Structure formats: C-alpha cells, structure tokens
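Protein chains in written order, with our numbering: chain A, 15 to 747; chain B, 12 to 168. Think of the CB as a built atom: it goes at the ideal place given N, C-alpha and C, for glycine as much as any other residue. Small disclaimer: the values here were computed from a predicted structure and weren't measured. Let me begin by presenting the structure, written as structure tokens, before commenting on it.
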Amino acid sequence: MPDSVQLSRRTLLKASALAGGGFALAATFPMAGRATAVSGPSELNAFITINPDDTITIIGKNPEIGQGIKTMLPMLIAEELDADWDSVTVQQADTNAAKYGPQLAGGSFATPMNWIPMRQAGAAARAMLMAAAAQRWGVDVAALATEPGRVVQPGTSRSATFGELASDAAYMDVPDPESLTLKDQSDFRIIGRAIGGVDSPKIVRGEPIFGVDTQLPGMVYAAFERSPVFGARLVSADLDAAKAQPGVTDAFTVEGNPAVELVDGIAVIGSNWWLVNKARSALAPQWDNGEWASHSTAGYAQAAQDAWASGQGGEVFAEKGDAEAAFAEADQVLEAEYSYPFLAHVPMEPMNCTALMHEDGTMEMWAPSQTPQGGQQAVASYLGLEPAQVTVHITRMGGGFGRRLNNDYMVQVAAIAKEMPGTPVQLIWSREDDVRSDFYRPAGWHKLRAALNADGQITGWADHFVTFDFPEGAYNPAAMAPDEFPAKYVDNLKFEQTKLASKVPMGALRAPTSNAMAFVMQSFLDEVAQATGKDLPTLMLELTDGVPAEPTTMGFMGPQPGFSAPRLQAVTRKVMEMADWGSPVAEGHAKGFGFYYSHMGYFAEVVEASLDDRNRPVVHNVWAAGDVGSQIINPFGALNQVEGAIIDGLGQAIQLAVEIEGGAAVQSNFHNYPIPRMPMTPQIHVEWVLSDNDPTGLGEPALPPVIPALTNALFALTGKRVRKLPIDPAMFA
Amino acid sequence: MAYRVTINGETREIDAPGDMPLLWALRNELGMVGTKFGCGIGMCGACTVHVDGQATRSCSMPLSAVADKEVSTIESLGETPIGQALQAAWLEDDVMQCGYCQAGQLMNATALLNNNPNPTDGEIQAAMQGNICRCACYTRIHAAIAKVARDEETANA
Numbered sequence: 015m016p017d018s019v020q021l022s023r024r025t026l027l028k029a030s031a032l033a034g035g036g037f038a039l040a041a042t043f044p045m046a047g048r049a050t051a052v053s054g055p056s057e058l059n060a061f062i063t064i065n066p067d068d069t070i071t072i073i074g075k076n077p078e079i080g081q082g083i084k085t086m087l088p089m090l091i092a093e094e095l096d097a098d099w100d101s102v103t104v105q106q107a108d109t110n111a112a113k114y115g116p117q118l119a120g121g122s123f124a125t126p127m128n129w130i131p132m133r134q135a136g137a138a139a140r141a142m143l144m145a146a147a148a149q150r151w152g153v154d155v156a157a158l159a160t161e162p163g164r165v166v167q168p169g170t171s172r173s174a175t176f177g178e179l180a181s182d183a184a185y186m187d188v189p190d191p192e193s194l195t196l197k198d199q200s201d202f203r204i205i206g207r208a209i210g211g212v213d214s215p216k217i218v219r220g221e222p223i224f225g226v227d228t229q230l231p232g233m234v235y236a237a238f239e240r241s242p243v244f245g246a247r248l249v250s251a252d253l254d255a256a257k258a259q260p261g262v263t264d265a266f267t268v269e270g271n272p273a274v275e276l277v278d279g280i281a282v283i284g285s286n287w288w289l290v291n292k293a294r295s296a297l298a299p300q301w302d303n304g305e306w307a308s309h310s311t312a313g314y315a316q317a318a319q320d321a322w323a324s325g326q327g328g329e330v331f332a333e334k335g336d337a338e339a340a341f342a343e344a345d346q347v348l349e350a351e352y353s354y355p356f357l358a359h360v361p362m363e364p365m366n367c368t369a370l371m372h373e374d375g376t377m378e379m380w381a382p383s384q385t386p387q388g389g390q391q392a393v394a395s396y397l398g399l400e401p402a403q404v405t406v407h408i409t410r411m412g413g414g415f416g417r418r419l420n421n422d423y424m425v426q427v428a429a430i431a432k433e434m435p436g437t438p439v440q441l442i443w444s445r446e447d448d449v450r451s452d453f454y455r456p457a458g459w460h461k462l463r464a465a466l467n468a469d470g471q472i473t474g475w476a477d478h479f480v481t482f483d484f485p486e487g488a489y490n491p492a493a494m495a496p497d498e499f500p501a502k503y504v505d506n507l508k509f510e511q512t513k514l515a516s517k518v519p520m521g522a523l524r525a526p527t528s529n530a531m532a533f534v535m536q537s538f539l540d541e542v543a544q545a546t547g548k549d550l551p552t553l554m555l556e557l558t559d560g561v562p563a564e565p566t567t568m569g570f571m572g573p574q575p576g577f578s579a580p581r582l583q584a585v586t587r588k589v590m591e592m593a594d595w596g597s598p599v600a601e602g603h604a605k606g607f608g609f610y611y612s613h614m615g616y617f618a619e620v621v622e623a624s625l626d627d628r629n630r631p632v633v634h635n636v637w638a639a640g641d642v643g644s645q646i647i648n649p650f651g652a653l654n655q656v657e658g659a660i661i662d663g664l665g666q667a668i669q670l671a672v673e674i675e676g677g678a679a680v681q682s683n684f685h686n687y688p689i690p691r692m693p694m695t696p697q698i699h700v701e702w703v704l705s706d707n708d709p710t711g712l713g714e715p716a717l718p719p720v721i722p723a724l725t726n727a728l729f730a731l732t733g734k735r736v737r738k739l740p741i742d743p744a745m746f747a
Numbered sequence: 012m013a014y015r016v017t018i019n020g021e022t023r024e025i026d027a028p029g030d031m032p033l034l035w036a037l038r039n040e041l042g043m044v045g046t047k048f049g050c051g052i053g054m055c056g057a058c059t060v061h062v063d064g065q066a067t068r069s070c071s072m073p074l075s076a077v078a079d080k081e082v083s084t085i086e087s088l089g090e091t092p093i094g095q096a097l098q099a100a101w102l103e104d105d106v107m108q109c110g111y112c113q114a115g116q117l118m119n120a121t122a123l124l125n126n127n128p129n130p131t132d133g134e135i136q137a138a139m140q141g142n143i144c145r146c147a148c149y150t151r152i153h154a155a156i157a158k159v160a161r162d163e164e165t166a167n168a
C-alpha cells in the first residue's frame, strides 16, 4: 500500500461575492494533526479571488526565502482550479494565524503540509464555477468540463470564462473539501511545469521587494552595538559621544531580555544607516563579559577529549543488545573520533526589520522572518501587547537557511521603536553583526566504535557524542537521533552523550542535525566498508537488504511515512548507475558515495574530486539521485534547490567554520567566512526517482550526503580519512 | 557638502559627507534601493553598479570619488540592449532563488559582456567570482551569461 501524507483534515472553505462582481473563496488551513489541540483558524480571508475580467488572485500564505514557495503553493491551487497560469497573480499574506493557519518557512514542511489542502481549495472553486455554468445552461454538472480559465460543455459550443461565471459561482454551495475528486497526475497542466518565480521579473529590475527595501515616510535608521561576547551585560557607554557624530539623532541603551532573545546593547539612530553604524565606534562601551568570556572552540574540543578519556561514559540515550560484549567478542574493532565546527548562516540580506510604534500603542512591522507568527508572539510578549496588536507584514527574504527562524532582530527593533512612537525605524545589521551574532549550527564531537565479526558484519555499534546542553523542552539543533543510521540494523548498540554548558547561541541551519550527522555516520560506515573489502553503497544495500518500509507515524506536522529502506535502495542504485560507479576514474581523481535521509527526502550522491597543487579539494562532478515522492511540482525550483544545497554542503566541507575564542566568534565577514564562489561550482547531475508517495520538501535533504561523498572520495584518492571539518589541506601533504 | 553625481542619466545633488559610500547615498539619501548591501567591504558584489561603465562595488566607493561621474544602477539596466538580454535570460532560465544578490550579478555580467562580448567559460568564472550567491545559483548564472554571449554573437555574425 502506498504511503500517504494525510495532512488535509479540517480545511475550511467559505465563499463570498465581491462588490464589483466576481467571487472570493476563503480557505483556512489549521495545523494538521493538531486541529483539536489548538483553536483552528477563525477569520475569513480571500484566498482565491476570481474577478470578472478573468484575472485570478491567489494568496501566498508562507514566507518566501528563495525556496520558491510563493510560486509553488499557488501552482497547486491553480492546477485544481484549472486556471490559466498567466492570469494568476500571487499576493503575499500578512501574518495572521487566525486567517491562514501556520505560516512557516522551515523544516521543508510546506510541501507535505499543503499538497492536499491547497489542491482541495482550488478544486472547490472549480466545482463552484462548474455549478454556476450548469445552472446557467440548465444542464447537469456531470456534462461539463474545464479548460484552462473556462468551463465548457464538451460536444457543444457552450463555453464561459471563469470571470463570466464568477459572480454566480459565489452563490453556489461550497463543497466539502474531502468530497472533491482531485486530478490524476497524468492530467496535470501546471504541476510539473518549470515555472519561473512570481517575483523574478521584479528582481531583475531591482524593484524594492525585500525587507531591507522597506521605505516609509519619515523613516529613520538604527544600528545596534552589542558585545561580541555571548552572555555579556552592558555596564556603560558614551551615548553623548555617539550623539555628537554626523547624522545621529539619538542613542540609547537597550536592556536584554533572554526570554525573547534580546541582548544588552546600544541603539544609534539617525537619517542614514552608514552614518549611524559608523557612530558606534564613538560609544566606547564597557561590558561585563562574565564567566563566558573564557569559552572557546578549543576548550570545548578539550572537554570532549576529557569526557572520552574519563572512562565514565555519558548519558545513555539509545541501547540494545549488549554492545560491550559485542566489542569483546569482535574479530575487528574500528574506533575513530569525528568533529565538526560551529557554522554561520550568512543569508545575503543582512538581518533587518522595520517597525513603527503607533501613537495608540500598537505595533506595525515589516519583517523578513521565516517564522513571522513566532516573531509576532515574541514582540507582543515583550511589549505587553496581544499578538493581534502587532501587525507583521511578511517581506520577501534575501535567504534564510534557518537564521530567520529566530526573531531576535524583530524584538530588537521593537525595543527601539517603542522609544519613538510615530516614527518608523529600520534596524539593519552589518555583515559583521550577522556573522558574530548568529544562532550557530552547533559544533559536535563523536567517538565512534564498530565491532565486526569474521564475516565482516557489524555486530556492535557505539558512539559517545559530546554536545551542548539545551534547556529542557527547548528545540535542540544538535540532537542525535537514537535511531541514527545504522542503529536499526545492528543487534548491539550503545549511544551515549555528554552535554557541555555554553552561552554560544545555537540554532537550526539548513538540514539541521543531518548536515552534521551525515558526515560522521557515512564516513565511519565508509571506514567499515573499507575494512571489510567493500564499498559504501554496497554496504548500505546489504544493511537494508529486504527491510520493508516502516509504517506511517505521527510526526511534528501530522502523519508522515516511516523510513523506507526500499527508497534508500532505489536512490542508491540509481546514483551508482548515473555515476558509472565502480568503473575507472580519471587519473588523479576519485569518487566517493554518501546517502542520507532527512526531511522525508532520500538522497544518494556521488562526488568526483581531486586535489589541487596546494592539496585543496577540487570537486569536478556531483551525481545526485533523489526521491521526494511521486511528483516534482516545479522542476525549476526543485533543481535549483538541489544544486544550491550541494554547493552549500561542499562549502561547509571544504572551507567554512566559525571558531569561538574569548567567548566570541572569530569570523566576521566573507574574507574569513568564505562562502563558495562561482569557480568552485562542479558539474551537477540530478535525477529524480519518483515513488508512490505524496511529494515532500526539497529545501534541505540534498545537502547532507554531499559532505561524506566528498570526504569518502578524498579517502579513495589519498588513503587519508577526513575526520574533522572543515577539511584541512595539510593532512594530504 | 553637496556632490553632483549623474545617476542613470539624471544629475542628482547629494548632500552628504564625502566619505559616505555610494551605496548608502543611493539607498538612504536617494531612496534607490535596487542596489543591495551585502558585506560592506567589497567582498560579495551585491552592491555592484557601473561607474563610467566599469563594474564598481558601491559599498567601497566614496561619494567624493564619483562626483561628476556617470553612475548606472540596476534600475536602469533594462535601458541597454545587453542589460535587457541578460534580464530576459535570467527569467527564461529562472536563475534566482532568493534573488537578493541578482542585481549585483546582473550589473557585473553586463559590464563583462560590454567589455568582452564573447567570454570563455574561464573568463565568465573569473569575472563573476567577486559576486557571491549564497543560494549558489552559479550554474544558472553562468549558463545565462553564456547564452546571451552566444545569442549576441549569432546576431552579429
């Protein structure tokens, strides 16, 4: 039986007539799987508007960070509506949980959550247009069909455009969304078509659509000075000196509030951001950096060594069989230490937000946020307002990568704007602020052991993971899953962890946890494969041979298909074929393999790499086979996400790290945090393995496997094993 | 002090300190926000404009240095044949993801093709390596530039 992501329950629809003719269909989408736990959406919106002139407006409800959602969700509606895509305009929704349900850009959730409900909304509008035509023509609705933008009666000359029918359609019965028959995949006209982004024409003309492009009458600019040391408190600052700088109209201190991620600092206000940012240098702030100023990456790494050397073990978080007995009886034991650094997100558009505290005490914001509802809550709680008193306009974002899941900059600008009611203020962070005030991908340290028997089978598997302590109940962006592959496929297992205290802010970076675990686990499995005379893809196929797909489980956003070994097998075989795995490689080149499952997507990737004359890795080709379900909704966006994720992962593997020294980040801008540039782009070959599953998201799952695919290729090339990221070219000298 | 700068063919007077980068004069003094802030140190190319036809990082170009010069920005890109062709190629291939860096990419690519109408792959990479695309749409940026170069060559053959 095929898996089905059933996220469609409780979609609510309501129609209304427009004053000038035409009709609007309100559609609200409660959080699936939680419809009874939280109050569902309760305010009407105009989700689909059909105008008498045949134009159609569809609301894009989720924030757009470059993942293509503002184009893709309306495509789903337009498909089932049978609209002519060229007549569709997409309008960005404001933040309103009561109107739109969850509005989130993160976790690759939007595709599985919306695949059915969006289509149902479109299908409902189509059914009402058809009912209107049936009534007008006095025929049974079963005799009617649609063509893009019109209802027709096949076999007759009867035809009416959606615009002509819209006014009548508003008075038809609204169908139960669950009763509607959605299109067969083979009938799709819009889904599956490569469609350009709805904002792209504005982007190439330089039109103001990003958060930082917001301009309001009388708007002033703000820069914010904070201690580079995390957890520091402000003691004093020379506000008068800053106020005396050119262009500065005000400077004041802001008191931190950890509950809403607000740090101590000083706001400098004026007419031009460059001037106010420059004036920060006059502040001469004194900080109490406290105990955290002694923290460093090197210190954490030493703590990991100490934890392993103590012989005390850690907190056991997964155990089965008798791992220690398996190691005692093993024919061969492999042991290795792996580590990876903190990473920053550095979206191209630096953190910014615009806020206006109205004279009546309500707040209005223009926010580039991946979680605008969370930002609205945080700002409301900070200001002592109800969320409804905080209007949050969602702007397009110049990238997110997980950084904008945290809304610290929204609270920061709210703290500034509340001091100047009636005056809109735009807070902008410098790139240095961004790199040094991130919520970093957590660093981590693993001591792995594998027990092998005489047949080369894995009889024991163990990891002592050294990570960080996160508050109970808080999201843990460093977490290692208790069933981390290959845990399910070995009889004797022990995972333990030691948690270090830290004030370094940490958060989710694209493919959170997976971007780290894939490197560690797929590299160590490659060590196992090499030690037993196999290659990694063969080992992966053997480990999962004959294992059936797991049953559907209740996930964060509702039911989701369980892990499927057959899907792993299919993408692995596919990429081996694509990359001509096993056949000779060009002189001085080598290939490596990596697989990972994350965010419901299955990706197997092969990297072909060499070393340049300074022993730096050069990636020539990447082959990627991905299974994200039965349908690629927009091939343009899909391919772009995969290519981008692969280059992103290669950058992490080869050249990116944030180091902590003296309790602060060492790196500060692109000169020492070198995001990949065009010349390091390999040839990327992508193929889809379509499977009988509802489509799932593509923002993340292509990233994790490319990292071990590269490090495994470098092992094949040099016989040297990369166990620490980023790759140090000196190890190949 | 006030500086006279010709921007997209129009002479503008900007009353700001001479060391203010052109980027911030454009964005905050003139309200021309198509040119983007990315790093402030000339390392990412998001703020690329043309000064007397040369691709220039406006975040690192003081206002005093562009007085009496011709500046063109993304807002006027569509007025030139190469700019128009690049905009069309960008849309045809749906080059962008977030799109934030693309104004700088397009301005840099236009300067490249103005100076070298038929660049090799290596020349495209060399010319574009100063422009970071954090979403890493490099394959498509490269392909779109190469396509325009090819089409122009065909048109001129």
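For Q108/B, same chain residues with a beta-carbon under 7 Å away, outside a window of 5 residues either side, are C146 and C148 in chain order.
For the stretch 126-141 of chain B, residues whose beta-carbon sits nearer than 7 Å to a beta-carbon of chain A comprise Q136, M139 and Q140. With distances taken between CA atoms, A298/A lies nearest to V282/A out of W287/A, G313/A and V282/A. D252/A and I689/A have their alpha carbons spaced roughly 36 Å apart.
Look at the stretch 142-154 of chain B: the residues with a C-beta under 8 Å from a C-beta of chain A are N142, I143, C144, R145, C146, A147, C148, Y149, T150, R151, I152 and H153. From the listed residues D278/A, M362/A, R294/A and W287/A, the smallest Cα separation to A255/A is found for R294/A. In the three-state reduction of the DSSP assignment, I93/B falls in the helix class, which pools H, G and I. Under the Cβ criterion (8 Å, minimum of three pairs), the stretch 121-141 of chain A counts as touching the stretch 704-716 of chain A.
Against M31/B, the close residues of chain A are N286, W288 and L289, in the order they occur along the chain (beta-carbon pairs closer than 8 Å).
With its beta carbon at least 7 Å from every one in chain B, M86/A lies outside the interface. Taking 7 Å as the threshold, the shortest C-beta distance from N119/B to chain A does not fall below it.
Judged by beta-carbon spacing, N654/A lies beyond the 7 Å limit of F746/A, meaning their Cβ atoms are not closer than that value. For N19/B, there are no C-beta contacts with chain A under 9 Å, since the nearest C-beta of that chain is about 11 Å from it.
Counting of Cβ neighbours within 10 angstroms places T165/B among the exposed residues, the total staying below 16. R15/B is bridged by DSSP to E24/B. Taking the Cα positions, V166/A is about 20 Å away from P189/A. Residues are counted here when their Cβ sits less than 8 Å from a Cβ of chain B; for the stretch 356-384 of chain A these are V360, P361, M362, E363 and P364, given in chain order. Distances from the alpha-carbon of R151/B to those of N127/B, L37/B, W101/B and S87/B put W101/B closest.
Here S451/A is actually not in contact with R418/A; their C-beta atoms are around 13 Å apart, not less than 8 Å. For I698/A, same chain residues with a beta-carbon under 6 Å away, outside a window of 5 residues either side, are V636, E657 and I660 in chain order. Below the 9 Å Cβ cutoff, chain B contributes C109 and Y111 as neighbours of M411/A, in chain order. Straight through space, the alpha carbons of G651/A and G82/A are spaced by roughly 6 Å.
Rounded to whole angstroms, the gap between the alpha carbons of G416/A and G388/A is 14 Å.
A direct Cα-to-Cα measurement between A29/A and A180/A gives close to 11 Å.
Pairing K502/A with T46/B, the inter-Cα distance amounts to about 52 Å. Pairing Q300/A with S250/A gives a Cβ-Cβ distance under 7 Å. Two segments are said to touch when three or more pairs of C-beta atoms, one from each, lie closer than 8 Å; by this definition the stretch 124-140 of chain B touches the stretch 156-165 of chain B.
With a threshold of 7 Å between beta carbons, D162/B makes no contact with chain A.
For the C-beta of E40/B, the chain A residues within less than 8 Å are, from N- to C-terminus, N286. A distance of 7 Å or more separates the beta carbons of A307/A and V218/A. V720/A is not a Cβ neighbour of K588/A, given a cutoff of 7 Å. Annotation: Q440/A to A402/A spans about 22 Å, alpha carbon to alpha carbon. Residue-level contact check: I52/B touches chain A, since one or more beta carbons of chain A fall below 7 Å from its beta carbon. For L102/B, a Cβ of chain A is located within less than 7 Å of the residue's own Cβ.
V44/B belongs to the set of residues whose beta carbon lies under 7 Å from a beta carbon in chain A. The DSSP assignment places complete beta strand (DSSP E) segments of no fewer than 3 residues inside the stretch 456-482 of chain A at 458-466 and 472-482, in order along the chain.
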